[in-house]
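Student: With the numbering used here applied, the sequence shown corresponds to residues 40 to 179, in that order. From the three backbone atoms N, C-alpha and C, an ideal C-beta is built for every residue, glycine too.
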Amino acid sequence: MKTTGRLGPLALALVLALVGCTGAAGKSDGTGTGSPEPVVRPGRSGVYRYVNAGLSATLDLPKRTLEIENDTGRPLAKPAFYVLHATDGHRVEGRVIDPTGIPAGETARFDIELDGIAPKDIGLIVLLIGGDNYGAFVQT
Numbered sequence: 040m041k042t043t044g045r046l047g048p049l050a051l052a053l054v055l056a057l058v059g060c061t062g063a064a065g066k067s068d069g070t071g072t073g074s075p076e077p078v079v080r081p082g083r084s085g086v087y088r089y090v091n092a093g094l095s096a097t098l099d100l101p102k103r104t105l106e107i108e109n110d111t112g113r114p115l116a117k118p119a120f121y122v123l124h125a126t127d128g129h130r131v132e133g134r135v136i137d138p139t140g141i142p143a144g145e146t147a148r149f150d151i152e153l154d155g156i157a158p159k160d161i162g163l164i165v166l167l168i169g170g171d172n173y174g175a176f177v178q179t
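Put into structure tokens, the structure is as follows:
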């Protein structure tokens with residue numbers, strides 16, 4: 040009895056059926072009804088917030104102010120900030136005008152300057168307290 044002759048065409052048919060079922064699984068012609076990819080648009084407020092462990096900071100670029108609420112239970116050193124450019128990551132220094140330390144339980148508001156970068160090019164804004172990096176602001 041020759042079973043090899045009968046199994047050959049059956050195996051070929053099975054392989055072709057499997058390839059036919061999975062061949063187009065990863066392809067799409069764009070006419071499907073699935074969910075589209077989410078569109079992420081940068082915020083447009085120009086207001087950035089930092090909140091952590093009793094320290095709240097609001098950097099308002101349109102008003103050119105930095106407000107710090109110190110509920111940490113200890114005095115804070117002078118604030119500062121810098122920006123990382125969105126396209127290449129180079130550092131752009133922001134300037135807090137006449138910075139002072141902030142006593143525990145108090146809120147201070149400072150005028151700021153930020154030149155040399157367009158709002159659309161802001162990648163990350165980092166809060167500094169007394170020269171220590173406290174982390175990044177989040178755009179609201």
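Would you list the residues sitting across from His-129 in a DSSP beta bridge?
Tutor: None; His-129 has no bridge partner.
Student: Please classify Val-78: is it buried, with 16 or more other beta-carbons within 10 angstroms of its beta-carbon, or exposed?
Tutor: Bear in mind that the predicted position of Val-78 carries a pLDDT of just 41, short of 50, making it unreliable; the figure below should be weighed with that in mind. That one is exposed.
Student: Kindly identify the DSSP beta-bridge partner or partners of Leu-105.
Tutor: Bridge partners of Leu-105: Leu-98, Phe-149.
Student: Compute the Euclidean distance between the alpha carbons of Leu-163 and Ala-175, then round it to the nearest angstrom.
Tutor: Cα to Cα, the separation comes out at about 7 Å.
Student: Look up Asp-160 in the DSSP assignment and say whether it is helix, strand or coil.
Tutor: In the structure shown, Asp-160 sits in a helix (DSSP, three-state: H, G or I).
Student: In three-state terms, what does DSSP make of Pro-77?
Tutor: The predicted position of Pro-77 is uncertain, since its pLDDT is 42 and thus under 50; no value can be drawn from it.
Student: Cutting at 7 Å between CB atoms, please list the residues of its own chain near Gly-169, excluding the five before and the five after it.
Tutor: Excluding positions up to five away in sequence, the list reads Ala-116, Lys-117.
Student: Please report the straight-line C-alpha distance between Asn-172 and Ala-119, rounded to a whole angstrom.
Tutor: In a straight line, the C-alpha of Asn-172 is about 9 Å away from that of Ala-119.
Student: Between Val-135, Gly-155, Ser-84, Ile-161, which has its C-alpha nearest Glu-106's C-alpha?
Tutor: When only C-alpha atoms are compared, the closest one is Val-135.
Student: Could you give the DSSP three-state label for Gly-85: helix, strand or coil?
Tutor: Three-state result, Gly-85: coil.
Student: How many Å lie between Glu-152 and Lys-102 at the Cα?
Tutor: Cα to Cα, Glu-152 sits roughly 10 Å from Lys-102.
Student: Could you compute how far the alpha carbon of Ser-84 sits from the alpha carbon of Pro-142?
Tutor: Rounded to whole angstroms, Ser-84 to Pro-142 spans 29 Å at the Cα level.
Student: Using only alpha-carbon positions, find the residue among Arg-88, Ala-96, Gln-178 that is nearest to Lys-159.
Tutor: The option with the nearest alpha carbon to Lys-159 is Gln-178.
Student: Using a Cβ-Cβ cut-off of 7 Å (strictly less than) and excluding sequence neighbours within five positions of Arg-113, which residues of its own chain qualify?
Tutor: Result list for Arg-113: Ala-143, in chain order.
Student: Distance check for Val-165 and Thr-146, CA to CA, integer angstroms please.
Tutor: In a straight line, the C-alpha of Thr-146 is about 19 Å away from that of Val-165.
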